[in-house]
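Step one of this worksheet: look at the structure below.
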Amino acid sequence: MTARTVVPGDHDSWAQRWTELADRISAAADASAAAGHRVSAREAYFRASTYYRNAGIFHYAPPVSTALATSFRHQREAFQKGAALGRFRTEIVHIPYEATSLEGYFITPGGPGPYPVLVMVDGYDGTKEELYFAGGAAALERGYATLLVDGPGQGGALIEQGLVFRPDWEAVLTPQVDWLLTRPDVDPQRMAVLGRSWGGYLAPRAATAEHRIAALVADAAQYDPGSSGARLLPEALRSEFLTGEPAELDEALTAGMATSPELAFILNRGMLTHGAATPIGYLRGAQDFTIEGLADRITCPTLICAAENDVRGGGGQELYDALTVEKKYIRFTDAEGAGEHDEAGASSLFYQRAFDWLDEILDRV
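When the sequence shown is numbered by the UniProt record's numbering, its final residue is 365 and no position is left out of the sequence of numbers.
Structure follows, in structure tokens:
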């Protein structure tokens with residue numbers, strides 16, 4: 001119903017309508033909480049968090065806008081209110097990172113530790129709050145603790161600190177592993193990493209250098225994603241992707257953005273999250289995001305996942321073929337209702353297969 005009220009092509013209208021819905025659900029959550037209905041309040045706060053995230057999705061463009069910053073702040077506030085009413089213990093944590101820190105959640109399932117831990121890595125326009133619904137809750141139900149962090153290019157690290165994506169994601173994962181190893185409630189032998197969406201590149205890339213993890217899952221697994229930038233240019237200019245005059249290529253890309261909302265979204269989001277000033281600057285800079293020549297450095301058992309219609313996961317087979325460790329490849333299909341990006345609409349099937357594999361791997365440790 002909300003989408004039907006949006007003025008087509010109007011990003012401000014989109015943000016307004018989703019914010020109105022989120023505000024209404026958040027108010028209902030407040031009322032439930034005041035009346036002592038903890039479960040109803042928690043569920044409503046979590047819905048509101050998701051709707052606030054939806055409100056900002058089309059404002060991923062440089063520079064960070066007030067609309068994007070506001071939607072993120074409200075998303076975080078609603079999530080934290082819901083988490084405080086949950087049956088899992090949620091800690092707001094700050095992971096040391098270079099000269100600053102990265103905000104995250106460390107959530108434990110209850111019962112005696114030490115726990116196996118799942119570190120989750122999200123993708124473009126991802127947030128640590130979204131990660132809870134994209135696998136964090138499923139991990140907790142299975143007895144895993146989970147660490148959800150906004151890395152550079154994501155959530156608060158991007159919107160509030162201006163940190164942008166970097167290809168060497170091991171520089172982001174290793175501080176998280178270091179932090180986990182300071183905790184007595186963590187089983188140091190059973191730490192796993194799950195990357196989803198763009199995290200299907202970031203997590204495997206990190207695992208090429210961070211060898212203290214016991215298992216890796218990459219969903220929408222990617223091998224050399226930066227090399228695909230040329231396909232966004234008009235066909236006649238693709239051969240000039242790396243060598244052509246930047247102004248000419250930017251002119252072509254800008255013209256395409258004016259007529260293609262999809263292209264505009266991809267390039268605006270990319271420029272913001274990668275810290276690029278121009279479309280071609282973003283696409284050329286993305287060339288550094290690759291696992292080519294590095295995959296044989298991954299030392300832990302690895303599950304590669306791809307969905308039938310997901311172009312982002314097109315490199316999953318290449319990554320699988322390049323691995324030299326114990327490995328498994330799962331292709332999710334339309335026939336299963338799981339053929340879209342990150343198995344949208346079939347999350348339970350993904351969780352079943354991914355966590356069953358993960359359980360079996362970690363049970364051997």
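For every residue, glycine included, the Cβ atom is placed at its ideal position computed from N, Cα and C.
Assuming contact is defined by CB atoms lying nearer than 8 Å, are residue i and residue j in contact in what I supplied?
i, j, result
"W357", "L303", "yes"
"A338", "L349", "yes"
"Q176", "V149", "yes"
"R142", "P167", "no"
"Y45", "A78", "yes"
"Y115", "D185", "yes"
"A171", "G316", "no"
"P279", "D250", "yes"
"R353", "I330", "yes"
"Q80", "R53", "no"
"Q154", "D178", "no"
"T146", "A139", "yes"
"A31", "A48", "no"
"A55", "A15", "yes"
"I57", "F88", "no"
"V6", "R24", "no"
Does DSSP classify residue i as helix, strand or coil?
i, result
"R89", "strand"
"A145", "strand"
"H94", "strand"
"R364", "coil"
"residue 366", "Residue 366 is absent from the structure shown; the chain starts at 1 and stops at 365."
"Y124", "coil"
"F350", "helix"
"D356", "helix"
"S65", "coil"
"F241", "coil"
"G151", "coil"
"M1", "coil"
"A344", "coil"
"T299", "coil"
"L294", "coil"
"A138", "helix"
If you follow the alpha helix (DSSP H) that residue i is in, where does it begin and where does it stop?
i, result
"P116", "Not the alpha helix (DSSP H): P116 falls in the beta strand (DSSP E), residues 115-121."
"A34", "11-34"
"R269", "261-274"
"F46", "38-56"
"R284", "279-285"
"Y320", "316-322"
The beta strand (DSSP E) that contains residue i, what's its start and end?
i, result
"F106", "100-108"
"I304", "302-307"
"I330", "327-332"
Measuring alpha carbon to alpha carbon, tell me which residue in the options is nearest residue i.
i, options, result
"T208", "I298, A137, D250, E141", "I298"
"L232", "T254, R212, A134, G315", "T254"
"L272", "W18, A31, A28, H59", "H59"
"A236", "L21, N309, V121, A252", "A252"
"P246", "R212, R284, Q189", "R284"
"D296", "E210, T243, E340", "E210"
"G275", "E43, V64, S13, A346", "V64"
"R190", "D359, A214, R24, E262", "A214"
"C305", "S101, L118, Y201", "Y201"
"Y132", "R196, L267, A34", "R196"
"E91", "K327, L180, T66", "L180"
"E20", "T2, F72, D310", "T2"
"L362", "Y351, D219, P188", "P188"
"D10", "F265, K328, T108", "F265"
"V311", "F355, E292, G229", "G229"
key: Whole alpha helix (DSSP H) elements within the region 159-232, 4-residue minimum   = 170-180, 199-207
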